[in-house]
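K.L.:
As they're listed, the protein sequences go chains A and B.
Counted the way this note's numbering counts, the first sequence spans residues 1 to 324.
Counted the way this note's numbering counts, the second sequence spans residues 325 to 611.
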Amino acid sequence: MKLLIENNKKINILLFITLMIVFIFLPFFLSGYWIRVFTTIFMYAVIAQGMNIMYGYMGYLPFGNVMFFGIGAYIAAIGMNRGLPFLAVLPLAALTAIFLSILFGIPVLKIRGHYFAIATIGINGAIMGVVQNTTEITGGAMGTTLPIIDKPPAVTYGYFYFAMLALMIIATLLLYLVINSKLGYGIRSIKANEEAANSMGINTIYHKVTAWAISALFVSIAGALYAYWMSFIGPTEVFSTVVAVKVIVIMLIGGAGTILGPIIGSFIVSMLSEVVWSSFLEYHLGVLGIAMIAILFFAPKGIVGTMDDFIKNRGLRLRKKVSV
Amino acid sequence: MSLQILINSILLGGIYALMGIGFSLQWGISGIINLSYGAMVILGAYISLECFNLFQIDPFVSMIISGAILFVIGAIVYRGLLQPLLAGGIIFTLILTFGVRLIVENIILKVWSPNYRNIRPAYIGSTIQVGDTYIPLTKLIVFFIAAVVIYLTYLFMMKTKTGKGIQAVALDKEGAQAVGIDVEKMYLINFAVGTALAGLTGSLWASVYNFSPHLINSITGKVFIVAVLGGLGNIWGAAVGGLFLGIAEAVGLLLFGAEWQEAVGLGIMVGVLIWRPYGLIGQKFFG
Chain A
1 MKLLIENNKK INILLFITLM IVFIFLPFFL SGYWIRVFTT IFMYAVIAQG MNIMYGYMGY
61 LPFGNVMFFG IGAYIAAIGM NRGLPFLAVL PLAALTAIFL SILFGIPVLK IRGHYFAIAT
121 IGINGAIMGV VQNTTEITGG AMGTTLPIID KPPAVTYGYF YFAMLALMII ATLLLYLVIN
181 SKLGYGIRSI KANEEAANSM GINTIYHKVT AWAISALFVS IAGALYAYWM SFIGPTEVFS
241 TVVAVKVIVI MLIGGAGTIL GPIIGSFIVS MLSEVVWSSF LEYHLGVLGI AMIAILFFAP
301 KGIVGTMDDF IKNRGLRLRK KVSV
Chain B
325 MSLQILINSI LLGGIYALMG IGFSLQWGIS GIINLSYGAM VILGAYISLE CFNLFQIDPF
385 VSMIISGAIL FVIGAIVYRG LLQPLLAGGI IFTLILTFGV RLIVENIILK VWSPNYRNIR
445 PAYIGSTIQV GDTYIPLTKL IVFFIAAVVI YLTYLFMMKT KTGKGIQAVA LDKEGAQAVG
505 IDVEKMYLIN FAVGTALAGL TGSLWASVYN FSPHLINSIT GKVFIVAVLG GLGNIWGAAV
565 GGLFLGIAEA VGLLLFGAEW QEAVGLGIMV GVLIWRPYGL IGQKFFG
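(1) When burial is assigned at 16 or more other CB atoms within 10 Å of the CB, is TYR370 (chain B) buried or exposed?
(2) Quick check on the DSSP output: what are the complete alpha helix (DSSP H) runs of length 4 or more inside the region 362-425 of chain B, in order along the chain?
(3) Beta strand (DSSP E) containing VAL454 (chain B): first to last residue?
(4) DSSP state of PRO460 (chain B), grouped into three classes?
(5) Determine, using beta carbons only, whether ALA500 (chain B) and VAL130 (chain A) come nearer to each other than 7 Å.
(6) Run through chain A and tell me which residues come within less than 8 Å of LEU409 (chain B), C-beta to C-beta.
(7) Is SER360 (chain B) buried or exposed, if buried means 16 or more other CB atoms sit within 10 Å of its CB?
(8) What does ILE233 (chain A) pair with, by DSSP beta-bridge criteria?
(9) According to DSSP, is ARG441 (chain B) helix, strand or coil?
(10) For PHE535 (chain B), which residues does DSSP report across the bridge?
(11) What residue does the alpha helix (DSSP H) around TRP633 (chain B) start on, and which one ends it?
(12) What is the residue span of the alpha helix (DSSP H) that SER181 (chain A) lies within?
(13) Which chain B residues are close to ASN313 (chain A), counting only those with a beta carbon under 9 Å from its beta carbon?
(14) Verify the CB distance criterion: does GLU586 (chain B) have a CB-CB separation below 7 Å to chain A?
(15) Tell me which same chain residues have a C-beta within less than 6 Å of the C-beta of THR156 (chain A), skipping the five on either side of it?
(16) Quick one: what's got a C-beta closer than 7 Å to ALA77 (chain A)'s C-beta in the same chain, skipping five residues either side?
(17) Taking 7 Å as the CB-CB cut-off, is LEU597 (chain B) touching chain A?
(18) Note down, in chain order, every chain A residue with its Cβ under 9 Å from the Cβ of ASN541 (chain B).
(19) How would you list, in chain order, the residues of chain B whose beta-carbon sits under 7 Å from the beta-carbon of GLU282 (chain A)?
(20) Along chain A, which residues have their Cβ under 7 Å away from the Cβ of ILE593 (chain B)?
(21) Just checking, does the region 54-68 of chain A make contact with the region 235-253 of chain A on the three C-beta pairs under 8 Å criterion?
(22) Give a yes or no on contact between the region 341-354 of chain B and the region 550-564 of chain B, applying the rule of three or more CB pairs nearer than 8 Å.
(23) What is the rounded straight-line gap between the Cα of LYS608 (chain B) and the Cα of TYR206 (chain A)?
(24) According to DSSP, is ASP309 (chain A) part of a helix, a strand, or is it coil?
(25) Roughly how many angstroms separate the alpha carbons of ALA94 (chain A) and ILE419 (chain B), rounded to a whole number?
(26) For ASN52 (chain A), count neighbouring Cβ atoms within 10 angstroms of its own Cβ and tell me buried if that reaches 16, exposed if not.
(27) Using the Cα positions of GLY346 (chain B) and PHE535 (chain B), report the straight-line distance between them to the nearest angstrom.
(28) Nearest to TRP599 (chain B) by CA position, among A:ALA171, A:MET200, A:THR138 and A:TYR115, is which residue?
(29) Confirm, please, whether the CB-CB distance from LEU272 (chain A) to PHE416 (chain B) is below 7 Å.
(30) Using a Cβ-Cβ cut-off of 7 Å, state whether LEU3 (chain A) counts as contacting chain B.
(31) Roughly how many whole angstroms lie between the Cα atoms of GLY113 (chain A) and TYR60 (chain A)?
(32) Report the neighbours of MET271 (chain A) on chain B: residues whose CB is nearer than 8 Å to its CB, in chain order.
(33) Buried or exposed: which applies to PRO537 (chain B), given that a residue is buried once 16 or more other Cβ atoms fall within 10 Å of its Cβ?
(34) Within 10 Å of its beta-carbon, does TRP229 (chain A) have 16 or more other beta-carbons around it, so buried, or fewer, so exposed?
(35) How would you label LEU281 (chain A), buried or exposed, when you count the other beta carbons within 10 angstroms and need 16 or more for buried?
(36) Can you tell me whether LEU342 (chain B) is buried or exposed? The criterion is at least 16 other CB atoms within 10 Å of its CB, across all chains shown.
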């Protein structure tokens, strides 16, 4: 399948369209619980796409990228608590996140590798600290509520399902367009060899900051939607390291550097999370940890990559038999 | 800043320093960012708790037991989980160590519950008075033990054959192999020493502060800062880094209030990463 995804555009597009049609009609057949599960899947897919453009295509791992999720969530909360309608806070959240990604990006994107990853975790932690302490504005460590939508739950769940689905589709398409544009080539060249790209005259700072801004855009809108959806957010949950690691696992399983990878990965990981949470309440942390480690041992190339290997090896084995 | 606050922050900095060294060694020498480190520290605290509750062993004695148990755990984690997957790079390490953290955290939560615990030996209340300042006896003992352990770790790294072997591997892996050093064994011992230091620090922590799994995130954050401030793999650097963090937190407390401490520490870390990635006092040693 990885081969298919990388080389055969038609099947890729067909797969994508089929999936999207399925998703559009799915909520009419599902219970409220499953609609929420799928909404979460779409949301994580978006966050993972944000990570994907940075790591999968550019080679920089912003471990603390969840900071934009939290920022999106809190800007939405603060804005709506002051009377702004949701459609007004949405661009506000996105713009704040983009602004911060540029502000932090210019100094921090000069750092490479491990150090960059840790720096982003540091910034995330610092922002979380700020949110936890500016209690008058953000509600502090207690969290804050958002206006509740005055409609029956089934309708509300439906709204957010389609909103997240739309976001996922837009983010994926946007990623596709960017990656295949001149900007995208620049970004990918940074992953291949940053020094060489620099010597060729590619303005790496511009590309790095823009990539992070796009990432911030996706993730912050997801955060804003999440806040409105949940009607209640707290700093530890929206700036959480667990989310950050989950997104990395999603990228790993789905395949980083592919367009559909994060979507597939989000499915698998979210399903896994749901199963673990509902079956192992007291041990869910430990089981999740074991599952994550097991994935590393048994499917290091992600589900797609491992299936790919399996198919290739099967072909080899068959051919060996014939040639003898 | 009054002398009292300065003394308090230096005493705290001693624990930070000891905590940070183990983490710094793992990151600097093996390139492993060990997200389970905070959980290992807390585990050490709980081991001492049990030793105290079941056998009335003083935490300053049971810290040796914590250290030993955590050494073994570290060795098992490294050999069983990390070593086979090192080729996967930072992504694998992060996921793996985070998975280990979740497992350890779950075990602690199940066995001991999330409630805050403490260890209260008989001499807990005594303080030493020097002029206007009061120094709690336990904190002073902890500081001296931390200093001694740091010095012993330094001696281990610089004077013993194993320690020198680890240094050699960190400086030039192929060169070390060429002279017959068992590279994998060196990495293993280094990692196990790291977790042993974590466990030991946990015991020390337990003798002066309350502890619970809730602290895991905060402790992990602090060891990051100490390691970065000191330069990865640099023992004295981490020592200085720990002291610096203790003082910086006190200053942050004075200037901005108690809740901003984390943000101040992390902000300093990010600043160091941007402007002096080799740490405040380091030069490019382990690169």
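Heads up, the beta-carbon is just placed ideally off N, CA and C, and yes, glycines get one too.
P.N.:
So, from the listed chains and residues:
(1) Buried: at least 16 other Cβ atoms inside 10 Å.
(2) Within the region 362-425 of chain B, the complete alpha helix (DSSP H) runs of at least 4 residues are 383-401.
(3) First-last of the beta strand (DSSP E) with VAL454 (chain B): 451-454.
(4) In this structure, PRO460 (chain B) counts as strand in the three-state DSSP scheme.
(5) Contact flag unset, no.
(6) Under the 8 Å cutoff, chain A gives LEU296, PHE297 and PRO300.
(7) SER360 (chain B) should be labelled buried.
(8) Under DSSP, the beta-bridge partners assigned to ILE233 (chain A) are A:THR144.
(9) Reduced to three states, the DSSP call for ARG441 (chain B) is strand.
(10) According to DSSP, which records beta bridges pairwise, PHE535 (chain B) is partnered with B:ARG441.
(11) Any property of residue 633 (chain B) remains undetermined from this structure, which presents chain B solely from 325 to 611.
(12) For SER181 (chain A), no alpha helix (DSSP H) run applies, since DSSP gives it neither H nor E.
(13) Neighbours of ASN313 (chain A) across chain B, judged by C-beta separation under 9 Å, do not exist; the nearest C-beta is about 20 Å away.
(14) Chain A places a beta carbon closer than 7 Å to that of GLU586 (chain B), counting this residue as a contact.
(15) For THR156 (chain A), where only same-chain residues beyond five positions count, the Cβ hits under 6 Å are ILE149.
(16) Counting only Cβ-Cβ distances below 7 Å, and skipping sequence neighbours, we find THR144, LEU146, ALA227 and ILE233.
(17) Yes, LEU597 (chain B) lies at the interface with chain A (some Cβ there is under 7 Å from its Cβ).
(18) Here the neighbours are GLY125, THR236 and THR241.
(19) Those are LYS434, listed as they occur along chain B.
(20) Here the sequence assigns Met to residue 593 (chain B), which means Ile is not the residue at that position. Result: GLY122.
(21) Output reads yes: the region 235-253 of chain A touches the region 54-68 of chain A.
(22) Result yes; three or more Cβ-Cβ pairs closer than 8 Å.
(23) Residue confidence for LYS608 (chain B) is low, a pLDDT of 49 falling below 50, so the modelled location carries little weight and cannot support an answer.
(24) Here ASP309 (chain A) carries a helix assignment [DSSP, helix/strand/coil].
(25) Distance between the alpha carbons of ALA94 (chain A) and ILE419 (chain B): 29 Å.
(26) Around the beta carbon of ASN52 (chain A), 16 or more other beta carbons lie within 10 angstroms, which makes this residue buried.
(27) When the Cα atoms are used, GLY346 (chain B) and PHE535 (chain B) turn out to be separated by approximately 20 Å.
(28) The alpha carbon of TRP599 (chain B) has as its nearest neighbour, out of A:ALA171, A:MET200, A:THR138 and A:TYR115, the alpha carbon of A:TYR115.
(29) Against a cut-off of 7 Å, the Cβ pair of LEU272 (chain A) and PHE416 (chain B) comes out as no contact.
(30) In this prediction, LEU3 (chain A) scores a pLDDT of 43, lower than 50, which makes its location untrustworthy; the coordinate-derived value is nonetheless stated afterwards. Output row for LEU3 (chain A): interface = no.
(31) If you take the alpha carbons of GLY113 (chain A) and TYR60 (chain A), they lie about 7 Å apart.
(32) By Cβ distance, chain B contributes nothing, its closest Cβ being about 18 Å from MET271 (chain A), past 8 Å.
(33) A residue is called buried when at least 16 other Cβ atoms come within 10 angstroms of its Cβ; PRO537 (chain B) meets this threshold and is buried.
(34) TRP229 (chain A) should be labelled buried.
(35) Classification for LEU281 (chain A): exposed.
(36) Classification of LEU342 (chain B): buried, given that the 10 Å Cβ count is 16 or more.
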